[in-house]
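Residue 230 in UniProt numbering sits at position 230 of the sequence shown, with consecutive numbering throughout.
For each residue, glycine too, the CB sits at the ideal point set by N, CA and C.
Given the structure is predicted, the values throughout are model-derived calculations rather than measurements.
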Amino acid sequence: MDTWPLRYEEPVFRPPSEATSLIFQLTVGCSWNRCTYCGMYRGKQYRVRPAEELRNEIRSIAPAVKRVRRVFLADGDALAAPMEVLEQVLAEIGEAMPGVQRVGIYGDSRSILTKGAGDLAKLRGLGLGIVYFGAESGDPATLKTVRKGATLERQIEACRIVREAGLKLSVMVLLGLAGRRDSERHARATGRFLANAAPTYGAALTVTPVPGTEMHSAVENGSFELPDRWEMLQELQWMLEEMDGYRGVFHANHASNYLPLKLRLPRDREATIELLDSVVAARDESRLTPDWARGL
Numbered sequence: 001m002d003t004w005p006l007r008y009e010e011p012v013f014r015p016p017s018e019a020t021s022l023i024f025q026l027t028v029g030c031s032w033n034r035c036t037y038c039g040m041y042r043g044k045q046y047r048v049r050p051a052e053e054l055r056n057e058i059r060s061i062a063p064a065v066k067r068v069r070r071v072f073l074a075d076g077d078a079l080a081a082p083m084e085v086l087e088q089v090l091a092e093i094g095e096a097m098p099g100v101q102r103v104g105i106y107g108d109s110r111s112i113l114t115k116g117a118g119d120l121a122k123l124r125g126l127g128l129g130i131v132y133f134g135a136e137s138g139d140p141a142t143l144k145t146v147r148k149g150a151t152l153e154r155q156i157e158a159c160r161i162v163r164e165a166g167l168k169l170s171v172m173v174l175l176g177l178a179g180r181r182d183s184e185r186h187a188r189a190t191g192r193f194l195a196n197a198a199p200t201y202g203a204a205l206t207v208t209p210v211p212g213t214e215m216h217s218a219v220e221n222g223s224f225e226l227p228d229r230w231e232m233l234q235e236l237q238w239m240l241e242e243m244d245g246y247r248g249v250f251h252a253n254h255a256s257n258y259l260p261l262k263l264r265l266p267r268d269r270e271a272t273i274e275l276l277d278s279v280v281a282a283r284d285e286s287r288l289t290p291d292w293a294r295g296l
């Protein structure tokens, strides 16, 4: 093959668990793109790529990727694409790439609630297997401050709809999102949200101010103060303390995190709370990932 048949408008992002997946850029940019902390799609105008263009890409690449087992549909909130486009693309993947076992996609509360459980179940029948949902916080005040564009109640309902449709659900939250002042409120409310939302997978990342965002400007001018590394770990401890009853896999091993952890809850909950308590109390630097080794 002389040329790579897939067209990407950079940058393209995917969840860590989709590292080996083939990515088709179904949409460009983010349908919301107003969150104060996120710079991922600031340089893109959201649009849905033509279904015929995507079908041609799928057909062109299929002979060269016969061993691919997973596909991820980018960009941010690709689930906001019209139902007919999603159906056509998933059907084409299933026909041209019969070895694909799972397709993943980003979705937010707006696109999930708009589609509803019925449409999501149809997409599951065409090969969609998992929805990645960046909830970021379970604290209503924090959601409003960061311009998430969703209430806590709508986020909980969105999670329920994904589960009702029979899809796997991965929910991401952000340590440090509310700053130092509201750290405990954000962490505990987010833990309660995760216990209520009951995702298949939960993941805690550490917020990183990105140049060009409102959060970065607030940090630079001193109006917003991030928790330090120990306070970030304290947030994780508070979060876990509120997750009694949650059953699933919980990751805190993203490259942004100071102490990589992967837990199966409820089995590992108490031991991890004790570990975090001891590391924070001892200020044990040897247990932490150094800043130079961390990333988005």
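Three-way DSSP call (helix, strand, coil) for Leu126 in this model = The residue given as residue 126 occupies position 126 in the sequence shown. Note: Leu126 maps to coil in three-state DSSP.
Beta strand (DSSP E) containing Lys262: first to last residue?
-> Taking the first residue of the sequence shown as 1, we reach residue 262 at position 262. Where Lys262 is concerned, the enclosing beta strand (DSSP E) stretches over Lys262 to Leu265.
Do the segment 162-171 and the segment 137-148 meet, that is, are 3 or more Cβ pairs less than 8 angstroms apart?
-> No, they do not touch.
Using the rule of at least 16 other Cβ atoms within 10 Å of the residue's Cβ for burial, across every protein chain shown, is Gly116 buried or exposed?
-> As a first step, residue 116 is located in the sequence shown; it is residue number 116 there, counting from the start. Gly116 should be labelled exposed.
Does the segment 211-218 come close enough to the segment 188-199 to have 3 or more Cβ pairs within less than 8 angstroms?
-> no
Of the residues Leu263, Ile61, Leu275 and Tyr132, which one's Cα is nearest the Cα of Arg7?
-> As a working note, residue 7 is residue 7 in the sequence shown. Taking only the C-alpha atoms, the option nearest Arg7 is Ile61.
Own chain residues within Cβ distance below 7 angstroms of Arg14, not counting five before or after = Residue 14 sits at position 14 when you count from the first residue of the sequence shown. Ser21, Ile23, Phe72 and Ala74, listed in sequence order.
Going by other Cβ atoms of all chains shown within 10 Å of its Cβ, with 16 needed for buried, is Gly29 buried or exposed?
-> Here the question's residue 29 lines up with position 29 in the sequence shown. Buried.
Looking only at its own chain, which residues have a Cβ that is under 6 angstroms from the Cβ of Glu242, when we skip the five neighbours before and after it?
-> For this step, residue 242 is matched to residue 242 along the sequence shown. Only Arg188, Gly191 and Arg192 meet the Cβ criterion.
Cα separation between Pro5 and Tyr46?
-> Your numbering for residue 5 matches position 5 in the sequence shown. Your numbering for residue 46 matches position 46 in the sequence shown. Rounded to the nearest angstrom, the gap between the Cα atoms of Pro5 and Tyr46 is 22 angstroms.
So what's Val131 in DSSP terms, helix, strand or just coil?
-> Within the sequence shown, numbered from 1, the residue matching residue 131 stands at position 131. Three-state DSSP puts Val131 in a strand.
Looking at Gly76 and Ser31, is the spacing between their C-beta atoms short of 9 angstroms?
-> For this step, residue 31 is matched to residue 31 along the sequence shown. For this step, residue 76 is matched to residue 76 along the sequence shown. For Ser31 and Gly76, yes; Cβs fall inside 9 angstroms.
In three-state terms, what does DSSP make of Asp2?
-> As a first step, residue 2 must be located in the sequence shown, where it is residue number 2. Legend: pLDDT at Asp2 = 49, less than 50; position of this residue unreliable, no value from coordinates given.
Could you check which residue in Leu275, Leu288 and Thr208 has the C-alpha nearest to that of Trp238?
-> Within the sequence shown, the letter at position 238 stands for residue 238. The shortest C-alpha separation from Trp238 is found at Leu275.
Inter-residue CB distance, Ile105 and Val85 (contact presumed, cutoff 8 angstroms) = In the sequence shown, the residue the question calls residue 105 occupies position 105. In the sequence shown, the residue the question calls residue 85 occupies position 85. Actually they are not in contact, since the Cβ atoms of Ile105 and Val85 sit about 12 angstroms apart, beyond 8 angstroms.
Which first and last residues belong to the beta strand (DSSP E) in which Gln25 is found?
-> In the sequence shown, the residue the question calls residue 25 occupies position 25. First-last of the beta strand (DSSP E) with Gln25: Leu22 to Gln25.
With contact counted as at least three CB pairs below 8 angstroms, one residue from each stretch, are the segment 194-206 and the segment 244-262 in contact?
-> yes
Compare the beta carbon distance of Arg180 and Glu136 with 9 angstroms and say whether it is the shorter of the two.
-> If you number the sequence shown from 1, residue 180 lands on position 180. If you number the sequence shown from 1, residue 136 lands on position 136. Not a contact, by the Cβ cut-off of 9 angstroms.
Lys44: which of Ile156, Arg34 and Met172 sits nearest, CA to CA?
-> In the sequence shown, counting from the first residue as 1, residue 44 sits at position 44. Closest option to Lys44, Cα to Cα, is Arg34.
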